[in-house]
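For reference, the structure discussed in these notes is given below.
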Amino acid sequence: MNQTSIDLFSRAIRFDHDGHVAAGERRMSTGDGDWQLATFHVESDADVHADQWEVHPSSDEAVCCLAGALRLYLRAEQPGDDETMVRLTAGTAFVVPRNRWHRIELDEPSDIMSIGLRHGTRQEPVAAR
Numbered sequence: 067m068n069q070t071s072i073d074l075f076s077r078a079i080r081f082d083h084d085g086h087v088a089a090g091e092r093r094m095s096t097g098d099g100d101w102q103l104a105t106f107h108v109e110s111d112a113d114v115h116a117d118q119w120e121v122h123p124s125s126d127e128a129v130c131c132l133a134g135a136l137r138l139y140l141r142a143e144q145p146g147d148d149e150t151m152v153r154l155t156a157g158t159a160f161v162v163p164r165n166r167w168h169r170i171e172l173d174e175p176s177d178i179m180s181i182g183l184r185h186g187t188r189q190e191p192v193a194a195r
């Protein structure tokens, strides 16, 4: 049995289909079907790729604000509609539905945790406003 703690800001935790849980490399797309929990300390919008939309086709994603404050945007589903903004503060979370394009902007430096299946994750630039 491994009795070493896991640094959540440098490693991820994978939850395998067979029930095995282990530390591993943090990846945007794992290439497999395993769940990943990853934690990030972010200082600026560049750290959260605020200029990129992101989508996860394999699962919903839980985005959790552990410390700080941020805005999570959901891209409009219909042309001409507005983005939806969800404000997250320390101790709050939002579940982004599967296949829903989203992005984050910071209100202040934050600690963020995300939980989801990374397989098939895609990003694309936010159109100029």
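Quick note on numbering: the sequence shown equals residues 67 to 195 in the working numbering.
Cβ atoms here follow ideal geometry from the backbone N, Cα and C, with glycine treated the same way.
Just grab the DSSP bridge partners of residue i for me.
i, result
"residue 145", "Partner(s): none; residue 145 has no beta bridge."
"residue 158", "131"
"residue 180", "104 and 129"
"residue 118", "191"
Within 10 angstroms of the Cβ of residue i, are there 16 or more other Cβ atoms? Answer buried if so, exposed if not.
i, result
"residue 87", "exposed"
"residue 125", "buried"
"residue 104", "buried"
"residue 161", "exposed"
"residue 78", "buried"
DSSP on residue i, reduced to helix/strand/coil?
i, result
"residue 192", "coil"
"residue 112", "helix"
"residue 85", "coil"
"residue 74", "coil"
"residue 174", "strand"
"residue 105", "strand"
"residue 90", "strand"
"residue 168", "strand"
"residue 150", "strand"
Return the chain-ordered list of same chain residues with a C-beta closer than 6 Å to the C-beta of residue i, the five sequence neighbours on each side being excluded.
i, result
"residue 82", "100"
"residue 153", "137"
Looking only at its chain, what residues have a beta carbon closer than 7 Å to the beta carbon of residue i, apart from the 5 residues adjacent to it on each side?
i, result
"residue 173", "135, 136 and 137"
"residue 109", "175"
"residue 183", "99, 101, 122, 124 and 125"
- For the 8 Å Cβ check, are there 3 or more pairs between the segment 108-122 and the segment 172-188? yes
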